[in-house]
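Asks: Under my numbering, think of the first position of the sequence shown as 83, with each following residue one higher. Mind looking over this structure? Questions follow.
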Amino acid sequence: MAIRVSTDSVAYFPGERVRVTIEASRGAELVILRGSEVVERRVLSEERVVEEVEVKEAGVYIARVVAGEEVEDAKFIVVERLEHAPRIAIVFHDHQAPNYSPDGSIRESWAFEHIWNHEFKPYYEGGAYYVQAKLLGKWRIRMSLNLSPSLLKQWSDLLDRGVVIDRGGFYECVEPSDERAEMVEETLEMFKELARSGVIDVLTSFYSHPLAGYIADAYGWLDLLSHELRMGREVTEGVMGVEPRGAWLPEMSFSMKLLPILEGEGVEYTVLDGINHFAGALGEKDSVYQLYALKSIKVFFRHTGISDLWSFKYSNVNNVGEAEAGARDLAIRIVAEAHINKAEVLTIALDGENWMVLPRPKPAAAVLLDKLLGYLRRAEELGLIRLVKLCEVVDEIEPRLLVSVPSRSWRGGYEKWLSERRRIQESIWRNVVEAYECFKALQNAVGVTEEDVASLMHVVNSDHIWAEFADEEFSAEWRRVLESRLEGVLSSIRIVGAKGHAVHVMNLLKKSVRVTIYRDSAASLTELKPGLNAIRVEGGVMRIVVRGWRREHQVGKPILIRPKIEGGLQAR
């Protein structure tokens, strides 16, 4: 028969008893090892048995079962008791870009597919978000969770009015009464219950998942980023029914220029990278195991090594055996790291769904998550660790003060969004710049609508710029929406005549249009009222323009006005 061996926890204090559950052929041997030292040997009299073993010293242990040529191990650790159990803060970032096309359809339906597709059969029903909510509800470990506002909005839209999904050659309508929509509602309700009951701390974010730090540094579009964060907060509050205290920065894209925006929206804390941000930070630095503050914003620095191992190594399990072993090993790493460093807080932050579904769904990854949460919950019950929400840490710890943190992302630089697929990504960024140019021209001329703001947000979402998913047409479609809006304003201003030292300009809109009028080299701001406007001129060349971000958008063509000569004749 196959050997199975497990322990009732992955970590213990000296003097505690370890319960070892074993399935093996009669006569198999249980060996307890501390490093290479044999602590105890026992011959098993039954095929299924639970043995109790006392562990007296700290160290790394293995419970090994040997049956003939077969060997099976279960690793565990014994750690010295600290004065206070170290805090462990787990942060998941669940996100999908705002996948809307200008015609109102859903261009990519991952916000829904990762709920109603059965991605983890034969172990669990449903997709990544559904399974995640189920497992968080099962184990109820305290943690922080960013459900990106654009993800929440897509769920909310489906439940409120239904959605139309672009399937390539046709549109598929999904109504709120559809049984698949019921799974979306169940998923959202599970997350909301976890938030209401205080199990999870809900973080908000910039609405469309933009590279906020990069945009602030490279372009200075702080007005756009303010719109983004304000809308993100409104969506989070409206859909989840909670007031978020913290914010997740998409791709951990940070700049010091973001601080006033974060403070202005009442954000209290965020998470940055333990290598790419912490290494270059200046101030009262100790280690990533402390809480820090940049002005009024509290900063957690994630443990990059453990976070990335979870995301990119342990996610590649292929079966239940590998998942159980991986979960045990990862849980041991987490507990050991916290104890060895006597962590005030060990922060582990990663995408909540991508490690389970990219590049394709990995059914055993869900088993790993289930087992890992169970191991961590058991370690907390034994007093080895304390699982916490970020808000609890902020309320309990006095932060160390930082002066600055460098402008970087979780990857360090921005090549993944700028140059890995240079041709297409340069084209996308041209669309981004042109969209903002049109947006500012509209804002200066007639003011912008919520639809204009939403159009711009769609263009700047970083998921459609990321090398593997770079989609130039998506950004071009939304750029064209803003271009069309601006063209509509410019074409509504018409030069209809000239009389009595005045050019007659008709504004066909029902609202005033703010323009700049150049009379030769002199410029003046003018408001064109709805209807006919008379603009006084004395001769020369007149131009009417709308100012954008970096350039001017001309109304019609330059106007030549010949000066009037005394005696009624014009000079030739």
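Virtual Cβ for every residue (Gly too), placed ideally from N, Cα, C. Predicted, not measured: the structure shown is a model, and the values here were computed from it.
1) Pick helix, strand or coil for G456, following the three-state DSSP scheme.
2) What are the residues that DSSP puts in a beta bridge with C255?
3) Please classify K471 as buried or exposed, where buried requires at least 16 neighbouring CB atoms within 10 angstroms.
4) Does DSSP classify V623 as helix, strand or coil?
5) For S491, which residues in the same chain have their Cβ closer than 6 Å to its Cβ, ignoring the five residues on either side in sequence?
6) From the DSSP output, read off the bridge partner residues of S557.
7) E134 to R101, Cα distance in whole Å?
8) For the 8 Å Cβ check, are there 3 or more pairs between the stretch 152-172 and the stretch 221-233?
9) Could you tell me the alpha carbon to alpha carbon distance between V137 and E111, rounded to whole angstroms?
10) Expressed to the nearest angstrom, what Euclidean distance is found between the alpha-carbon atoms of V321 and E195?
11) Rounded to a whole number of angstroms, what is the C-alpha to C-alpha distance between P231 and D260?
12) Measure the C-alpha to C-alpha separation of I104 and I85 and round it to an integer number of angstroms.
13) Whole angstroms is fine: what's the gap from S88's alpha carbon to E201's?
14) Does N181 pass the burial test, meaning 16 or more other C-beta atoms within 10 Å, or should it be called exposed?
15) Assign D477 to buried or exposed, taking buried as 16 or more other Cβ atoms, counted over all protein chains shown, within 10 Å of its Cβ.
16) Which full runs of the beta strand (DSSP E) of 3+ residues lie inside the stretch 522-605, going along the chain?
17) Does W303 come out as helix, strand or coil in the three-state DSSP assignment?
18) What does DSSP give as the partner residues of V284 in its beta bridges?
19) Please state whether DSSP places F402 in a helix, a strand or coil.
20) Taking the alpha carbon of Y205 as the point to measure from, which residue in A149, V402, T386 has its own alpha carbon closest?
21) Can you look up E345 in the DSSP assignment and give me helix, strand or coil?
22) Could you tell me which uninterrupted beta strand (DSSP E) segments, each at least 3 residues in length, are contained entirely in the stretch 94-146, listed from first to last along the chain?
23) Since V597 contacts V628 with CB under 8 Å, what's their CB separation in whole angstroms?
24) May I ask you to report which of helix, strand or coil DSSP gives K424?
25) From what residue to what residue does the alpha helix (DSSP H) around I197 run?
26) Please return the same chain residues whose Cβ sits closer than 6 Å to the Cβ of T286, not counting the five positions on each side in sequence.
27) Check V153 in the structure and name its three-state DSSP category.
28) Since T608 sits in a beta bridge, which residues does DSSP pair it with?
29) For V132 and P342, what's the separation of their Cα atoms in angstroms?
30) Could you compute how far the alpha carbon of L651 sits from the alpha carbon of I643?
31) To the nearest angstrom, report how far apart N122 and I114 are at their CA atoms.
32) Whether or not the stretch 517-530 and the stretch 559-573 are in contact is what I'm after, with contact meaning three or more pairs of Cβ atoms, one per stretch, closer than 8 Å; do they touch?
33) Compute the beta-carbon to beta-carbon distance between L538 and L376, rounded to the nearest angstrom, for a pair I have assumed lies under 8 Å.
34) With C-beta atoms as the reference, is L454 less than 8 Å away from L469?
35) Classify E634 as helix, strand or coil using the three-state DSSP reduction.
36) Let me know if Q636 comes out buried or exposed under the rule of 16 or more other beta-carbons within 10 Å of its beta-carbon.
Replies: This is what the structure gives:
1) In the sequence shown, the residue the question calls residue 456 occupies position 374. Note: G456 maps to helix in three-state DSSP.
2) Reading the sequence shown from its first residue, position 173 is the one you call residue 255. According to DSSP, C255 bridges with V246.
3) In the sequence shown, the residue the question calls residue 471 occupies position 389. Its Cβ being crowded by 16 or more others within 10 Å, K471 is buried.
4) Here residue 623 refers to the residue found at position 541 of the sequence shown. Three-state result, V623: strand.
5) Numbered from 1 along the sequence shown, position 409 holds the residue referred to as residue 491. E333, M334, S335, listed in sequence order.
6) Stepping through the sequence shown from its first residue, residue 557 is reached at position 475. Its beta-bridge partners do not exist; DSSP assigns none.
7) As a working note, residue 134 is residue 52 in the sequence shown. As a working note, residue 101 is residue 19 in the sequence shown. It is roughly 5 Å from the alpha-carbon of E134 to the alpha-carbon of R101.
8) Touching, yes, given that three or more Cβ pairs across the two stretches are closer than 8 Å.
9) The residue given as residue 137 occupies position 55 in the sequence shown. The residue given as residue 111 occupies position 29 in the sequence shown. A straight line joining the alpha-carbon of V137 with that of E111 spans about 18 Å.
10) Along the sequence shown, read from residue 1 onward, the residue named residue 321 stands at position 239. Along the sequence shown, read from residue 1 onward, the residue named residue 195 stands at position 113. Between V321 and E195, the C-alpha separation is close to 20 Å.
11) Residue mapping note: residue 231 aligns to position 149 of the sequence shown, counting from 1. Residue mapping note: residue 260 aligns to position 178 of the sequence shown, counting from 1. Roughly 23 Å separates the two Cα atoms.
12) The residue you call residue 104 lines up with position 22 of the sequence shown. The residue you call residue 85 lines up with position 3 of the sequence shown. C-alpha separation (whole angstroms): 7 Å.
13) By one-based count along the sequence shown, residue 88 stands at place 6. By one-based count along the sequence shown, residue 201 stands at place 119. Take the alpha-carbon of S88 and the one of E201: they are about 27 Å apart.
14) Here residue 181 is taken as the residue at index 99 of the sequence shown, counted from 1. It counts as buried.
15) As a working mapping, residue 477 is identified with position 395 in the sequence shown. Exposed, because fewer than 16 other Cβ atoms sit within 10 Å of the Cβ of D477.
16) If we require 3 residues or more, the beta strand (DSSP E) runs fully inside the stretch 522-605 come out as 575-580, 584-589, 595-601.
17) Position 221 of the sequence shown holds residue 303. Residue state, collapsed to three classes: coil.
18) To locate residue 284, count along the sequence shown from 1; it is residue 202. Bridge partners of V284: L227.
19) Locating residue 402 in the sequence shown gives position 320, counting from the first residue. The amino acid at residue 402 is misidentified as Phe; the sequence shows Val. Three-state result, V402: helix.
20) Locating residue 205 in the sequence shown gives position 123, counting from the first residue. Residue V402 holds the alpha-carbon nearest to the alpha-carbon of Y205 among A149, V402, T386.
21) Counted from its first residue, the sequence shown places residue 345 at position 263. Correct three-state label for E345: helix.
22) Complete beta strand (DSSP E) runs here, min 3: 99-105, 111-116, 119-125, 130-136.
23) What you label residue 597 is simply residue 515 of the sequence shown in a count that begins at 1. What you label residue 628 is simply residue 546 of the sequence shown in a count that begins at 1. The Cβ separation is near 6 Å, so the contact holds.
24) Numbered from its first residue, the sequence shown carries residue 424 at position 342. The answer is coil: DSSP assigns K424 none of H, G, I, E or B.
25) What you label residue 197 is simply residue 115 of the sequence shown in a count that begins at 1. Residues 192-198.
26) By 1-based counting over the sequence shown, the position of residue 286 is 204. Closer than 6 Å at the Cβ level, and outside the excluded window around T286, lie G314, R315, T318, P326, A329.
27) Within the sequence shown, residue 153 is the residue found at index 71, counting from 1. Strand.
28) The sequence position of residue 608 within the sequence shown is 526, counting from 1. Answer by DSSP bridge pairing, in chain order: V597.
29) Working through the sequence shown from its first residue, we reach residue 132 at position 50. Working through the sequence shown from its first residue, we reach residue 342 at position 260. Looking at the two C-alpha atoms, the distance is approximately 59 Å.
30) The count along the sequence shown starts at 1 and reaches residue 651 at position 569. The count along the sequence shown starts at 1 and reaches residue 643 at position 561. Only weak support is given to the placement of L651: the predicted model assigns it a pLDDT of 47, under 50, and the question is left unresolved by the model.
31) If you number the sequence shown from 1, residue 122 lands on position 40. If you number the sequence shown from 1, residue 114 lands on position 32. According to the sequence provided, residue 122 is Glu. The question's Asn does not apply to it. Here the C-alpha atom of E122 lies approximately 5 Å from the C-alpha atom of I114.
32) Yes, the stretch 559-573 is in contact with the stretch 517-530.
33) Walking along the sequence shown from the start, residue 538 turns up at place 456. Walking along the sequence shown from the start, residue 376 turns up at place 294. In this structure L538 is not in contact with L376, their Cβ atoms being roughly 28 Å apart against a cut-off of 8 Å.
34) Taking the sequence shown and counting its residues from 1, the one referred to as residue 454 is at position 372. Taking the sequence shown and counting its residues from 1, the one referred to as residue 469 is at position 387. Contact flag unset, no.
35) Along the sequence shown, read from residue 1 onward, the residue named residue 634 stands at position 552. DSSP places E634 within a strand segment (E or B) once states are collapsed to three.
36) The count along the sequence shown starts at 1 and reaches residue 636 at position 554. The residue in question, Q636, is exposed, as its Cβ has fewer than 16 Cβ neighbours within 10 Å.
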